[in-house]
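Here is the structure we will look at.
Number of protein chains: 2
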Amino acid sequence: MSTYATSHLLGQVLSVDCPSREILEHLTTKWSVLVLRCLSEGVHRFSELKQRIEGVSEKMLAQTLKVLEKDGFLIRTVYPVVPPKVEYQLTILGAQAAEKMTMLTGWIERNLPEILENKQRVAK
Amino acid sequence: MSTYATSHLLGQVLSVDCPSREILEHLTTKWSVLVLRCLSEGVHRFSELKQRIEGVSEKMLAQTLKVLEKDGFLIRTVYPVVPPKVEYQLTILGAQAAEKMTMLTGWIERNLPEILENKQRVAK
DNA sequence: CAGAATCCAACTTGATACTG
DNA sequence: CAGTATCAAGTTGGATTCTG
Chain A
314 MSTYATSHLL
324 GQVLSVDCPS
334 REILEHLTTK
344 WSVLVLRCLS
354 EGVHRFSELK
364 QRIEGVSEKM
374 LAQTLKVLEK
384 DGFLIRTVYP
394 VVPPKVEYQL
404 TILGAQAAEK
414 MTMLTGWIER
424 NLPEILENKQ
434 RVAK
Chain B
314 MSTYATSHLL
324 GQVLSVDCPS
334 REILEHLTTK
344 WSVLVLRCLS
354 EGVHRFSELK
364 QRIEGVSEKM
374 LAQTLKVLEK
384 DGFLIRTVYP
394 VVPPKVEYQL
404 TILGAQAAEK
414 MTMLTGWIER
424 NLPEILENKQ
434 RVAK
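Laid out in structure tokens, this is it:
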């Protein structure tokens, strides 16, 4: 059963009121894309993510992780030890979403030379 | 030949200085994702895009199209007629990028019920 | 270690109005 | 039709400081 009133708008990213819009935006954030890419390779701690994702501030990383957790795309596990240890791992859905995103980042990485050359050409 | 100094960083989305970061961000913008999705279905005029992509302002649409054009992902064709007619179509690279993005939006659209249910569960 | 909280500058976005 | 210009307002983001 659907608990939302706009069920007729399901699956319509092009519709303003479709909930998929929000999900899409959460997944395609500057940092969420990179978080998903890292976590798709396995479980990571907060500090590991911070290190691997060059340029993230702790604030943005924490914020991004919160949103993805609330959306049900990742699980946050706190170990009751000192010093604190927190691990992040993708859920099934998160892994599926990450897979799609990784296809994009992978494509960009593989085709970057061609993309940049093409961009140069256009600039002229 | 590569015209950029950071060639050793090629294909490293996780690296701050890799040009792929910028490309990635241009492609994963709120509106660019939807523009790519529309154009992947074929050539569109400005007004058609504005209509189909609910919620875009003309400003944001124009801006998004400019960026994608500069990156070489789409071609803008102006017909010298009155009233003006401008068409937008993806380049080869643009189509490839759009394909990846469409896989994501498609996945979201298809799995939205499950995603939303899962999100509800997490909220508790 | 893993963050939360605060402050503030900078960029983004949305209406609105106007133009070739 | 296909934008551009402008301005107010909202949001983002980073640096810094602090804490269990």
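Protein sequence lines correspond, in order, to chains A and B.
Counting from 314, one number per residue, gives the positions in the first sequence under this note's numbering.
Counting from 314, one number per residue, gives the positions in the second sequence under this note's numbering.
Yeah, the Cβ is synthetic: ideal placement off N, Cα and C, and Gly gets one too.
Backbone CA spacing between residue i and residue j [nearest angstrom]
| i | j | result |
| --- | --- | --- |
| A:G407 | B:P396 | 47 Å |
| B:C331 | B:G385 | 18 Å |
| A:T404 | B:V435 | 11 Å |
| A:G368 | A:L378 | 15 Å |
| B:V326 | A:I336 | 22 Å |
| A:A411 | A:S345 | 10 Å |
| A:H339 | A:L381 | 7 Å |
| B:Y392 | B:Y401 | 11 Å |
| A:T415 | A:M373 | 20 Å |
| A:K343 | B:Q376 | 18 Å |
| B:R350 | A:C351 | 26 Å |
| B:E417 | A:V394 | In the sequence as displayed, the identity of residue 417 of chain B is Leu instead of Glu. Whole-angstrom Cα-Cα distance: 38 Å. |
| B:T341 | A:T341 | 5 Å |
| A:R358 | B:W420 | 28 Å |
Span of the beta strand (DSSP E) around residue i
| i | result |
| --- | --- |
| B:T390 | L387 to Y392 |
| A:K398 | K398 to L403 |
Start and end residues, alpha helix (DSSP H) containing residue i
| i | result |
| --- | --- |
| B:E382 | E371 to K383 |
| A:L327 | Run containing A:L327: none; DSSP gives neither H nor E here. |
| A:I336 | S333 to L340 |
| A:K343 | K343 to L352 |
| B:K363 | F359 to R365 |
Buried versus exposed, by CB contacts within 10 Å (16 or more), residue i
| i | result |
| --- | --- |
| A:E422 | buried |
| A:K383 | exposed |
| A:V399 | exposed |
| A:V356 | exposed |
| A:S333 | buried |
| B:V348 | buried |
| B:Q364 | exposed |
Neighbour flag for residue i against chain B, beta carbons, 8 Å
| i | result |
| --- | --- |
| A:P332 | yes |
| A:G385 | yes |
| A:E427 | yes |
| A:E371 | no |
| A:R350 | yes |
| A:A410 | yes |
| A:L374 | no |
| A:K432 | yes |
| A:Y317 | At A:Y317, the pLDDT of 45 sits below 50, so the modelled position is not reliable and the matter cannot be decided from this model. |
| A:K413 | yes |
Neighbouring residues, chain B, relative to residue i (Cβ below 9 Å)
| i | result |
| --- | --- |
| A:E338 | K343 and V346 |
Interface partners of residue i on chain A, CB under 8 Å
| i | result |
| --- | --- |
| B:R365 | L327 |
| B:V435 | E382, K383, D384 and G385 |
Below-8 Å beta-carbon distance, residue i vs any chain A residue
| i | result |
| --- | --- |
| B:L406 | yes |
| B:G368 | yes |
| B:W420 | yes |
| B:K398 | no |
| B:V391 | no |
| B:L417 | yes |
Contacts that residue i makes with chain A (C-beta to C-beta distance below 9 Å)
| i | result |
| --- | --- |
| B:V356 | Simply none; closest approach about 17 Å. |
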